[in-house]
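J.:
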Amino acid sequence: MLPLKLAVLGGALSMSALAASAETFRWASTTDPQTMDPHAVNSAPVLSFLNNIYEGLVRRGQDMSIEPSLATSWEPLEGENGWRFKLREGVTFQNGAAFTSEDVLFSYQRASDEAADVRSWFAPVTDMRVVDEFTVDFVTSAPNPLFPDSIANFMILDKDWAEANDAALPARDAENFATMNVNGTGPFTLADRDPGVRTTLAPNGAWWDDASHNITEAVFTPIGNSATGLAALLSGEIDFIQPIPLQDVAQVESRDGFKVLEGEETRVIMFGFGHEHDTLLYSSDVTDANPFTDPRVRLAAAHALDIASIDRVLFRGKIEPASQLVPAGISGFSEANQNRPDYNPDRAKELLAEAGYPDGFSFGLKCTNDRYINDEALCRAAASMFAAVGLNAELSTGPVRDYWPQLREDDFDMYLLGWSPGTFDMEHPIRFLMHSQDDSRKLGSWNFGNYSNARVDELLPMVQQEIDPAARQSMIDEIIAITQDEVAYIPLYTQPLIWAAKDNVELTQRADNFFMLRWVTVN
Amino acid sequence: MIALLKKYEGLWLFVHSPAAIVAAMVAVLIFLGAVFAPWVALVNPYDLSSFSLFDGLLPPAWQDGSNPKYLLGTDDQGRDMISSILYGARLSLVIGLSALTIAAILGVGLGLAAGYYGGRFDAVVMRIADVQLALPAILTALLIDGIARGILPAAIQQDLRVAVLTLAIALSLWVNFARTARASTFVQMNKEYVQAAIMMGQRPTRVMFVHILPNILGPLLVILTVDLASAILLEATLSFLGIGLPADSPSLGTLIRIGMQFLLSGEWWILWIPTLFLVALVVSINILGDFLRDIFNPRLR
Amino acid sequence: MVYFILKRMVQSVFVMLAVAFLAFSLFRFVGDPITQMTGVETSVADQERLREELGLNDPFVSQFMRFTGDMLKGDFGFSYRTRQPVADMIADRIPATLELGVVALIISLVVGVPAGVYTALKPRGVLTQTILMTTLVGVSIPTFVIGIMLIFIFGVQLGWLPTFGRGGTVQIGSWESSLFTIDGWRALLLPAITLGVYQLTLTMRLVRAEMMEVMRSDYIRFAMARGVPMGRLHYKHALANTMVPVITIIGLQFGGVIAFSIVTESVFQWPGMGLLFLESIRFVDIPVMGVYLVVIAFFFVLVNLVVDLLYVAIDPRLRISDVS
Amino acid sequence: MLTIKDLAVKFPSRFGDFTAIEDVDMEIKPGEIHGLVGESGAGKSTVGAAVIGLLQSPGYVAKGSLRLGETDLRTLTPEQAHKVRGDRISMIFQDPQTSLNPLMTIEDQLIETIQAHSDVTEAAARQRAVDLLEEIGIKDAATRIKAYPHQFSGGMRQRVVIALAISTDPELIIADEPTTALDVAVQSQVLSLIQRLAKERQISFMLITHDIGVIAQVADRVTVMRKGRVMETGDTAQVLGAPEHPYTQALMDAVPPLDRKLERFRVPEANDASSSLGELAENWLLEGQQQAPTGLSLRNLSVQFSGPRTSLFRKPAPYVALDDVTLDIKPGSIMGLVGESGSGKSTLAKAITGLVTPSSGTMMLGDTALPFGKSRSRLHPSRQLVQMVFQDPYSSLNSRHRIGDILAEPLWFYGFVKDADEREKLAASMLSLVGMQPDAITKYPHQFSGGQRQRIAVARALLARPRFLICDEPTSALDVSIQAEILNLLKDLQNKFGLTILFISHNLAVVRQMADDTAVLRNGKIEEVGETHSVYTAPQAAYTKSLLSLTPVMPTSWAVET
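These protein sequence lines map, in sequence, to chains B, C, R and A. For the first sequence, our numbering begins at 29 and goes up steadily by one. For the second sequence, our numbering begins at 690 and goes up steadily by one. For the third sequence, our numbering begins at 2 and goes up steadily by one. For the fourth sequence, our numbering begins at 11 and goes up steadily by one.
#1: Under the rule that 16 or more other beta-carbon atoms within 10 Å means buried, what is residue 54 of chain R, buried or exposed?
#2: Taking residue 270 of chain R as the query, report the chain C residues whose CB atoms sit under 7 Å from its CB, ordered along the chain.
#3: Report, in whole angstroms, the separation of the C-beta atoms of residue 479 of chain A and residue 397 of chain A, which I expect to be a contact under 8 Å.
#4: Kindly indicate which three-state DSSP category residue 108 of chain B falls into: helix, strand or coil?
#5: Where residue 151 of chain B and residue 135 of chain B are concerned, what is the direct C-alpha to C-alpha distance, given to the nearest angstrom?
#6: Tell me the DSSP secondary structure of residue 42 of chain R in three-state form.
#7: Name the chain C residues that come within less than 9 Å of residue 302 of chain R, Cβ to Cβ?
#8: On the three-state DSSP scale, how would you describe residue 49 of chain B?
#9: In this structure, what does DSSP give as the bridge partners for residue 44 of chain A?
#10: Compare the beta carbon distance of residue 371 of chain B and residue 297 of chain B with 9 Å and say whether it is the shorter of the two.
#11: Going along the chain, which residues of its own chain have a beta-carbon closer than 7 Å to the beta-carbon of residue 433 of chain A, five neighbours each way excluded?
#12: With DSSP as the reference, identify every bridge partner of residue 177 of chain R, one or two as the case may be.
#13: For the stretch 263-289 of chain R, enumerate the residues whose C-beta is nearer than 9 Å to any C-beta of chain B, in chain order.
#14: Compile a chain-ordered list of the residues in the stretch 73-86 of chain R whose CB is closer than 9 Å to at least one CB of chain B.
#15: Could you check whether the Cβ of residue 316 of chain R sits closer than 9 Å to any Cβ belonging to chain C?
#16: Who are residue 88 of chain B's beta bridge partners in DSSP?
#17: Assign residue 944 of chain C to buried or exposed, taking buried as 16 or more other Cβ atoms, counted over all protein chains shown, within 10 Å of its Cβ.
#18: Helix, strand or coil: which one does DSSP assign to residue 38 of chain A?
#19: Counting only C-beta atoms, is residue 983 of chain C closer than 9 Å to chain A at any point?
#20: If I measure Cβ to Cβ from residue 66 of chain R and keep anything under 7 Å in the same chain, skipping five residues before and after, which residues do I get?
#21: For residue 911 of chain C, I'd like the list of residues in its chain whose CB is within less than 8 Å of its CB, leaving aside the five on either flank, ordered along the chain.
#22: Going by DSSP, name the residue or residues bridged to residue 517 of chain B.
#23: Measuring alpha carbon to alpha carbon, tell me which residue in R:295, R:236, R:285 is nearest residue 430 of chain B.
#24: Compile a chain-ordered list of the residues in the stretch 239-254 of chain R whose CB is closer than 7 Å to at least one CB of chain A.
#25: Can you name, in chain order, every residue of its own chain whose Cβ lies under 8 Å from the Cβ of residue 525 of chain B, other than the five neighbours on each side?
#26: With a floor of 3 residues, list each beta strand (DSSP E) that falls wholly inside the stretch 416-471 of chain B, ordered by position along the chain.
#27: What first and last residue would you give for the beta strand (DSSP E) that runs through residue 216 of chain B?
#28: Shortest alpha-carbon distance to residue 245 of chain R belongs to which of R:179, R:192, R:221, R:211?
#29: Using the Cα positions of residue 100 of chain B and residue 112 of chain B, report the straight-line distance between them to the nearest angstrom.
#30: What are the residues in the stretch 906-922 of chain C lying within 8 Å of chain R by C-beta distance?
#31: Just the chain B side, please: which residues come within less than 7 Å of residue 743 of chain C by C-beta, in chain order?
#32: Using the C-alpha atoms, what's the distance from residue 958 of chain C back to residue 751 of chain C?
#33: What's the gap between the Cα of residue 870 of chain C and the Cα of residue 974 of chain C?
#34: Quick check on residue 49 of chain B - is its C-beta less than 9 Å from some C-beta in chain C?
#35: If residue 261 of chain A sits next to residue 491 of chain A, beta carbons under 8 Å apart, how far is it from one beta carbon to the other, in whole angstroms?
#36: Tell me whether residue 316 of chain R is buried or exposed, calling it buried when 16 or more other Cβ atoms sit within 10 Å of its Cβ.
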């Protein structure tokens, strides 16, 4: 009797939920975009959210490819380094103002200002010029074939609107008008904003592109607690949530009316080493040397890790082991170097013995606990596996907020890092993670352990400027071979993307974990 | 005869209170388990080589797919649940008891002095207590944690985690001790044995600690018990809010926080077994606290 | 009596000042506000200019005076995280927390007081023992576990009540209330119960203890001896006298409500001050943390002043001076 | 009308049933005031509670019959019993401060009581309440009825309590120590009110008290109880004047007379065997007393306390506790200090011991001036020379300390005896000297009765080798027979060691027995001071005269000749 009653109730509820969803699409994620200003904060939640409201000169398609947006075409400049963009005509901002090259210039100046958090995107740019009302030039210090790819998140603001509202620069110590208000060209506009509580978007009727969604209103709610978020989905209060914990996939799949969207993010999770350190910082037994300078020791660490078990227990079979710093499918992926060190604890012990550490040694392992999926659990599992071959990791985990400063201060022996190639090309991790640190040229800026190889450093500029794909790939293959040989990093796996939605929702899961409302249809 | 029986009345009452006996047994069992964890537990959660991810997510012995070696199953790291719980209880009790010790020393000291000296000193102490009351336990703990994160170098934060947590809990609990000690001291100050001691010219410290303190131990003991329960819960709550202990040194609260991830995944034991354990421990301590309260408040008997 | 109230107000001012000082110290010494405000790539000279602009190089005392003065003017500074004025952020969240807290308090009183009276009058009854045991277990389960259990039972499995947020709210002036829609009440129910459970137990136990104490007093025995009807005896005589200490504790319990509202709000994604505070902690958003402290202290002081006034209302000994 | 036969009340406890009273027979006629007298633990209050059906849980009537007129009180259901309460039996409690609900006006409490038992309108009930208050002597009752209990003084409050008790016209009122908490003047008024009510309204009273004087003054008949049993019952004059039962006789012997001084009370002496053990202590005390007895003289001593602050802007009005007191206590003599509560007796003691700081005046102990209050250093010699015996033997000994430690503390603290074993020995010997078993040193205070504790307190005071002893109401918490023993002990010790004693008491009769000189204190002022005999026989001050006349005493004609 009771189960029947419950079933009836449940049915009634989901019907009412269906009725509601025809007009309003509700979704949740863990963090609230902290500002509506596209240049103030360089963080994924903000950029992902604002991509629904603002647009850049170029944008990424469902498969991550670059496609025209506010620019209709672009070509390298002749006679100097840089790119010329032809702008789309007849585009208006949400307040009705026309979009012109002045807005691009203004947005460039705004985004590259000292107060902007995103100014590093424009590090290669030396000058920007307005050619005519619908043509702009970006001049770069060197040939930069990937420049258009790198500015997909560079969003254009209306100059007059921003200046009239005293928001000519991003807010720094106090809010300004752009923190809470928007005026973009994108498919949606802000209807209501209650920070940390609820943000409501409405379709932009005057959008220049054809709207493929059928949403009349979209409500975003941040839900920090993953259990609460999942409960909200399962009780029908929201239509979609991004992400859900891996271990709850089975639960969602087992229920009628819900589906799980699984994909692979482009983010590769890896361990890095303090290549440059003379001694270990966190060792209780080896205090006069840094064993990790020996590639054999680094290889031993790689052999100690049982990726299969990690996949089975921690990730429920949802990860793809990684051999290099980008997943297969990304341009520049080195087909020639697809093998990763296998799980072989005996070999690991041998290698350690060869390197002069038959009994192993202890060292410090730094990890985040709120950055990547199961990051803390991964590190604990890894530490346990390292210990099995004699590598005794002193694990220390912390929030990502404290993490980058620690890495920048070289405060580690080994560390966890996840890397997603912003340009969706292998050049990106080579530039940031493999090239020697070079502050003046902004190279190797995330190569915290300062892995350094002269040949890699030599090859990078060549890769950057090479136009011929085959020649370029062979140079990349050489770099990958070197770094694999020297075990510059231990790539572990590609992080999965797990979203969940009601069955009646169709949406696109893009590999950068950005959620685009314009591809949502509610049936 | 009656006098003799009266002397052991507490014991007598105890023998005739089944709830108290059960509670005491549970508490003692958990306490012993915690103390002897290194000898009793199958694996040591701190020794990463003693367990393996290979054994991860095994259910309790009575379910399919279990390994009889792990009676209550394993967590996502392959740690034996029983071992984790024993070590977790150990850490929870260490934090709880050290926090209580600090709180008791601070609170009883200030409360005694406030009650003894009265006047301005008392007023100042009570205003400080008001400020503390205005910032309730969780808030204080969150704040101290936040401050510690702001001013301590990130590298040593991990190592100081337990200390920070203990301090946070201690600071939020001292007011209870201070208020109780103060109120009881006021009562004792009017007792003639105290006046006799003051009249003799005994040092204030001697009057406070040798004469008054033994007479106000009863209510303090009750506070001690009840606050031990709060301290353990507080630690669990802070862990839930994500500012407790890291997962590699799990307290009971941390185990529950980790377990919350498995609420819906089918691995129920990872959440519910530590939760049950925590509830059993706290209920037992609370029952003992109630029992002590009854003993020390004969009017309610 | 006027003196009594005045004295309490002076004490309140002291508490407020002390908390303001704490908040200020937090703001000033935990982390460097300048590095929090600026990106990694701001030059040192630029930072120094900003420091001078914001008066962070002034003497400590004058900074504190300015801080307190600004607070009194309602200027609470800007959040590091969102760059919004903290005053607005907090003010937006106050209604949610207050409604949650008040409803939880009402639940705890409406259930706790009668339960306390019952268990005091029938100390040996089976029902009494059951109530006492159940509530003991109730306070021994961490609040967050209770909250999540409620969500899964009533939100997910039964589908009766919403699992998060405030549901339908109505804007009354600047006050966003969920008390005027059915939807709002449905959303309020689970969090309020979660928050109320702990207070309920405390209230019940306190009423019980006080009631048992009062029932032994001479005036109750005298009222018994002159045959005052039992109902009147229990409620008019005993309960009224019980209320004085109970009100005190409810005043002090305010702290508990606020504290546990942080947990409850986090579990139910309830958009109150507690949730905001938690987010601020996560991002070391010191200005918000500091102002939250001051606001909480202000409410605490306010509640305790109300408690004092209630005392005066209940107890004629405070209201009317001795004339004999 | 009230007939009690063979009554037994038991309290089930974890150690088996404890029989509180047994074989109690008693009869009270209409309009009769029946005294029920006995020392603590005699079970007097239990009888009263059993009659009105308010035995403290879990006590119960185990046996016997209780009849009120034709009603068998034992067969009533709880509801019927509650109806009888107030309607036919009412009760007056000891402490008027606590027996009225502080949150309700007098009017509300009276009206609810009247309406609970008779079907009258509120207006009628109010009229009756006003009439009642006027009848029992509250002036301006129509206005004052609106007041709350705390607005009445203690005596007035007890009148209100009585008004409440008689508001329903009960046949019987159980008055449990109704005047114990009151000063003599008020006590006398309340007692005459009771007498008047008994006579005019024919209300029967069961007057429970420990005060033989009160019984002698108002009771028609009296029942003497001891340890839960009735010892003797009969007409007051007969029982008190010519007691038949040995217990009653001993009791009467222990009652201090107001009109003459006894050398010693006739009480069974403590066993002499212990006296030889006490030699060690006696010799130790004597050897420390080379100095001659030390007197104390107070000159113009005033003590002010700050009153409660009522305004932020005005300084609180000071409360004068002692006003210009001048007093000389001759070396080696006993000075009696009498006064009602609030007269400043204890303040004087505290001023001398340094617990309270006088605002002006001088204090001389022998030839040395005593510094005031906090300015007296912790090592000042007077801290040893002046010792005190307190009123409440239950709070004057630290219940968490062993008797041995309590007694050894002064020996250690003043540096008399360095060796711990020696201290123990001396302490044990001192116990013998005050009439206790020396093995008591291993026990804790709660293992002793009030009288024994008071002996221990005296022993502690002596172990400081004092020259000046203050006894602040040393016997007011004790039963008369114990009081007699303690008074004898104090007299003996004073004789033996030449102590100077300030003996403070509210009990005029006790002071008469003890003091060489007597001072009468009232509102912080000395009303009269002089040689005890002349103060008692020929008082000069009007206040002294009224005190002496209002103190309830046994008629001299009843007194048993010694």
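Ideal Cβ positions, reconstructed from N, Cα and C, are used throughout, including at glycine.
T.: Reading it off the structure:
#1: exposed
#2: Within 7 Å of the CB of residue 270 of chain R, no CB atom of chain C is found; the nearest one sits about 14 Å away.
#3: 6 Å
#4: coil
#5: Answer to the nearest angstrom: the Cα atoms are 15 Å apart.
#6: Residue placement at residue 42 of chain R is poorly supported in this model, since its pLDDT is 48, which falls under 50; the coordinates are not used for a value here.
#7: Within 9 Å of the CB of residue 302 of chain R, the CB atoms of chain C belong to 819, 823, in sequence order along the chain.
#8: Residue confidence for residue 49 of chain B is low, a pLDDT of 42 falling below 50, so the modelled location carries little weight; the figure read from the coordinates is stated next. Reduced to three states, the DSSP call for residue 49 of chain B is helix.
#9: A:216, A:231
#10: no
#11: For residue 433 of chain A, where only same-chain residues beyond five positions count, the Cβ hits under 7 Å are 418, 421, 422, 427.
#12: In the DSSP assignment, residue 177 of chain R is bridged to R:172.
#13: 267, 268, 269, 270, 272, 276, 277, 279, 280, 283, 284, 285
#14: 78, 79, 80, 81, 82, 83, 84, 85, 86
#15: no
#16: B:94
#17: buried
#18: strand
#19: Chain A contact via Cβ: absent.
#20: none
#21: Excluding its 5 nearest sequence neighbours in each direction, residue 911 of chain C has C-beta neighbours in its own chain below 8 Å: 978, 981, 982, 985, listed in chain order.
#22: B:300
#23: R:285
#24: Within the stretch 239-254 of chain R, the qualifying residues are 241, 242.
#25: Cβ neighbours of residue 525 of chain B beyond the five flanking positions: 271, 289, 290, 291, 292, 293, 537, 539, 541.
#26: Taking only runs of at least 3 residues, the beta strand (DSSP E) segments lying wholly in the stretch 416-471 of chain B are 419-426, 442-447.
#27: Taken as a continuous stretch (DSSP letters only), the beta strand (DSSP E) holding residue 216 of chain B covers 216-222.
#28: R:211
#29: A direct Cα-to-Cα measurement between residue 100 of chain B and residue 112 of chain B gives close to 11 Å.
#30: 918, 922
#31: For a Cβ distance threshold of 7 Å, residue set 337 of chain B lies close to residue 743 of chain C, ordered along the chain.
#32: 12 Å
#33: 21 Å
#34: Confidence in residue 49 of chain B is poor, its pLDDT being 42 and thus under 50, which makes the residue's placement too unreliable to answer from.
#35: 6 Å
#36: buried
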